[in-house]
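Before any comments, here is the structure.
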Amino acid sequence: MCGIFGIVTSAETNLSEPLLGPTLTEAGRRLSYRGYDSVGCATLRADRSIDLRKDVGKVDQVASRLNFQEMRGTRGILQLRWATFGAPSQVNAQPHLDSDGDMVGAHNGNVVNTAELRQQFMAEGMVVRSTNDGECCVHAVERYIDRGEDFIAAICHAYVDLAGDYAFVIGRVGEQELYAVKKGSGLVAGIGEGFTCVSSDLPSILPLTRHVVRIEDGEIVTLYPDHVELHSVLDGSPIQREIEIITESMESAQKGGFPHFMLKEIHEQPTVAGELLHVLAELPEMEQILNRLKTARHIYFVGCGTSYHACILGAIYLARLAGRPAFPILAPQFSAQYGPALDQSDVGLFVSQSGETKDVINAIQVAQSRGMGILGMVNVVGSTLTRLSEAYLPLVCGYEISVPATKTFTNQVIAFLYLAMRLGGHPTDSLDQLPELMQKTLEHVAPQIEPLVELLAPRSDLYCLGYGLTYPIALEGALKMKEITYAHCEGMLSTEFKHGPLSAVDEGYPVLFSAGPEDTPLLVSGINEVTCRGGKAIVFGQDDPSLRSNADILVSLPPAGANLNGLLSILPLQLLSYHLSLRRGFDPDFPRNLSKTLTVD
Ligand code: M6R
Numbered sequence: 010m011c012g013i014f015g016i017v018t019s020a021e022t023n024l025s026e027p028l029l030g031p032t033l034t035e036a037g038r039r040l041s042y043r044g045y046d047s048v049g050c051a052t053l054r055a056d057r058s059i060d061l062r063k064d065v066g067k068v069d070q071v072a073s074r075l076n077f078q079e080m081r082g083t084r085g086i087l088q089l090r091w092a093t094f095g096a097p098s099q100v101n102a103q104p105h106l107d108s109d110g111d112m113v114g115a116h117n118g119n120v121v122n123t124a125e126l127r128q129q130f131m132a133e134g135m136v137v138r139s140t141n142d143g144e145c146c147v148h149a150v151e152r153y154i155d156r157g158e159d160f161i162a163a164i165c166h167a168y169v170d171l172a173g174d175y176a177f178v179i180g181r182v183g184e185q186e187l188y189a190v191k192k193g194s195g196l197v198a199g200i201g202e203g204f205t206c207v208s209s210d211l212p213s214i215l216p217l218t219r220h221v222v223r224i225e226d227g228e229i230v231t232l233y234p235d236h237v238e239l240h241s242v243l244d245g246s247p248i249q250r251e252i253e254i255i256t257e258s259m260e261s262a263q264k265g266g267f268p269h270f271m272l273k274e275i276h277e278q279p280t281v282a283g284e285l286l287h288v289l290a291e292l293p294e295m296e297q298i299l300n301r302l303k304t305a306r307h308i309y310f311v312g313c314g315t316s317y318h319a320c321i322l323g324a325i326y327l328a329r330l331a332g333r334p335a336f337p338i339l340a341p342q343f344s345a346q347y348g349p350a351l352d353q354s355d356v357g358l359f360v361s362q363s364g365e366t367k368d369v370i371n372a373i374q375v376a377q378s379r380g381m382g383i384l385g386m387v388n389v390v391g392s393t394l395t396r397l398s399e400a401y402l403p404l405v406c407g408y409e410i411s412v413p414a415t416k417t418f419t420n421q422v423i424a425f426l427y428l429a430m431r432l433g434g435h436p437t438d439s440l441d442q443l444p445e446l447m448q449k450t451l452e453h454v455a456p457q458i459e460p461l462v463e464l465l466a467p468r469s470d471l472y473c474l475g476y477g478l479t480y481p482i483a484l485e486g487a488l489k490m491k492e493i494t495y496a497h498c499e500g501m502l503s504t505e506f507k508h509g510p511l512s513a514v515d516e517g518y519p520v521l522f523s524a525g526p527e528d529t530p531l532l533v534s535g536i537n538e539v540t541c542r543g544g545k546a547i548v549f550g551q552d553d554p555s556l557r558s559n560a561d562i563l564v565s566l567p568p569a570g571a572n573l574n575g576l577l578s579i580l581p582l583q584l585l586s587y588h589l590s591l592r593r594g595f596d597p598d599f600p601r602n603l604s605k606t607l608t609v610d
């Protein structure tokens with residue numbers, strides 16, 4: 010996820026222009042936890058020039074290579090870019106200049122009508138230098154400044170033209186202000202001694218000042234050296250807002266008010282799902298990926314851990330919605346199981362949050378040696394997987410810090426669902442309701458989880474069962490449970506339970522069932538096999554009289570079709586494992602013995 014930072018200083022107090030480079034570089038370091046591939050810095054100088062330096066790479070590497078430390082000016086902008094529109098490259102890195110180079114700006118988020126806007130800007134004679142959506146924000150303002158409007162009016166009009174969720178910061182030579190606007194992406198302003206600043210989030214502001222103003226959607230903030238002013242984008246009218254004094258620690262600020270990254274990431278799922286849907290709809294490589302899958306002899310979905318569970322759900326979606334079989338396979342088993350049968354008419358879709366998992370990279374090498382087509386689905390752009398793939402689907406989750414994967418799993422599943430719908434020729438508009446449904450599910454299940462935590466906290470052995478679309482959800486729920494509660498929790502196809510594991514059931518033995526709406530009768534049998542032996546059946550499913558009367562406890566989910574229910578079913582299991590982990594005295598973000606990225610065999 011990109012991050013922006015802007016600062017305005019009172020130059021008049023200094024004989025020479027302030028050295029802004031060190032402050033901007035430090036802001037970049039503090040934004041870097043969000044994940045990024047490129048870094049850029051711009052300062053607006055008293056001589057009406059703009060010093061712009063940017064490139065692909067890490068903050069410290071780019072800052073040292075381009076000598077950010079020496080950058081001077083009265084105002085400065087820093088941006089970290091996480092590529093979605095336009096490949097990671099020097100020209101696509103931000104900030105961007107307007108046509109004649111006297112304005113500079115940078116954004117965070119996605120401008121989803123970038124392709125149309127670029128055509129319009131070029132037709133209007135503007136100089137468009139990149140394929141990045143951030144440049145559109147600058148030209149959208151330039152368009153109205155060139156028509157003689159003042160900055161506030163120009164931003165109000167640009168806001169209407171720019172579709173998507175974003176925040177941007179912009180300034181012009183020969184003035185003393187910077188302007189920023191918020192629509193869907195985070196934006197906070199800070200007010201300090203002799204400066205004001207604005208940023209995507211608090212960690213880059215708090216080392217400078219604890220006096221902040223939170224910007225709401227549809228608001229423009231103008232930064233002056235000694236104060237900030239707010240205006241509405243509707244009509245430019247002024248808005249009054251009290252300054253807030255932040256007392257919380259830096260670490261808790263990074264967690265956005267949540268006690269752990271895992272909980273923050275669980276609650277980010279509706280937002281990143283929405284961002285993913287925007288990106289998939291505009292992804293330039295989408296046709297290439299669909300064609301590759303359409304024409305493949307055999308399709309393999311390859312991953313490890315959570316990513317493998319998404320692969321299983323992906324294969325189910327592909328068969329249901331596109332009538333195409335696919336083989337989901339654990340990466341280290343790929344060669345052992347299918348090696349001799351692979352050839353150049355096959356395609357592998359390699360799925361990984363990090364894009365660095367050694368088991369996955371090894372499987373890609375096998376696929377390469379057989380001449381197979383290599384596609385990727387990955388969160389970290391610039392990772393080895395993105396470099397080895399002919400084309401990849403970005404998961405656009407931003408940085409996932411907590412070791413247990415949550416938001417990357419749901420976005421993997423959504424990406425698979427989208428691919429299956431497109432391959433099967435189904436309209437994808439039904440997915441637009443997903444972010445809201447996910448939000449509703451989180452709110453609906455949270456209070457139902459609390460009593461379960463007390464019940465399950467003393468248990469160190471349990472099962473998590475599912476069938477059909479909820480089979481991979483049971484595997485994933487069990488993985489979350491094992492990973493952060495350290496209890497033994499086995500995920501299994503519900504119908505397999507009677508073939509052996511049923512012998513574990515005695516009085517009070519907990520068995521969790523993830524129930525899809527299509528499979529209720531089958532699951533009711535499984536539930537009774539447990540309850541009639543004294544076991545405790547805890548069911549996660551849509552409210553249904555037969556589930557309610559057969560289960561010991563029903564955690565009800567909001568109504569949704571079977572495909573979406575499959576996806577929503579993981580949310581209560583994520584929350585349950587999080588709260589159980591805390592109740593058992595563990596840190597869910599950093600479980601013992603585990604690492605977020607496994608670059609070893
Ligand atoms: O980065 P990857 O998706 O390739 O990682 C694969 C697994 O290590 C990972 O999904 C792991 O299972 C999760 N952290 C579990 O929550």
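So for the sequence shown, the numbering used here puts the first residue at 10; every next one is plus one. All C-beta atoms in this analysis are idealised placements derived from N, C-alpha and C, irrespective of residue type, glycine included.
- Shown here, residue 59 sits in a strand according to DSSP, grouped into three states.
- Residue 360 and residue 301 have their alpha carbons spaced roughly 16 Å apart.
- Collapsing the DSSP output to three states places residue 169 in a helix.
- By the 16-neighbour rule on beta-carbons within 10 angstroms, residue 210 is buried.
- Counting every other CB atom within 10 Å of its CB across the protein chains shown gives residue 303 a total below 16, marking it as exposed.
- Excluding residues up to 5 positions away in sequence, 355 lie with their Cβ nearer than 6 Å to the Cβ of residue 307 in the same chain.
- Remark: the C-beta of residue 500 is outside contact range of the ligand M6R, defined as less than 7 Å to any heavy atom.
- With contacts defined by Cβ atoms closer than 8 Å, residue 372 and residue 343 form a contacting pair.
- Boundaries of the beta strand (DSSP E) around residue 501: 497 to 502.
- In the three-state DSSP reduction, residue 328 falls in the helix class (H, G or I).
- Here residue 86 is buried. Its C-beta has 16 or more other C-beta atoms within 10 Å.
- Residue 173 and residue 291 have their C-alpha atoms roughly 11 Å apart.
- Here residue 480 carries a helix assignment [DSSP, helix/strand/coil].
- Around the CB of residue 557, fewer than 16 other CB atoms lie within 10 Å, so the residue is classed as exposed.
- The Cβ-Cβ distance between residue 583 and residue 566 does not fall below 8 Å.
- Distances from the CB of residue 606 to the heavy atoms of the ligand M6R include at least one below 7 Å.
- Relative to the ligand M6R, the nearest heavy atom lies less than 7 Å away from the CB of residue 363.
- Between the stretch 497 to 508 and the stretch 451 to 467, the count of C-beta pairs closer than 8 Å stays below three; the two stretches do not touch.
- The beta carbons of residue 410 and residue 270 sit about 4 Å from each other, so the pair counts as a contact at 8 Å.
- When distances are taken from the beta-carbon of residue 492 to the heavy atoms of the ligand M6R, the shortest one is below 7 Å.
- Annotation for residue 414 indicates a beta carbon within 7 Å of some heavy atom of the ligand M6R.
- Straight-line measurement puts the Cα of residue 219 at about 39 Å from the Cα of residue 127.
- Rounded to whole angstroms, the gap between the alpha carbons of residue 166 and residue 242 is 8 Å.
- Not one heavy atom of the ligand M6R sits closer than 7 Å to the Cβ of residue 405.
- Inclusion of residue 215 and residue 255 in the CB contact set at 8 Å is warranted, their separation being smaller than that value.
- In the three-state reduction of the DSSP assignment, residue 303 falls in the helix class, which pools H, G and I.
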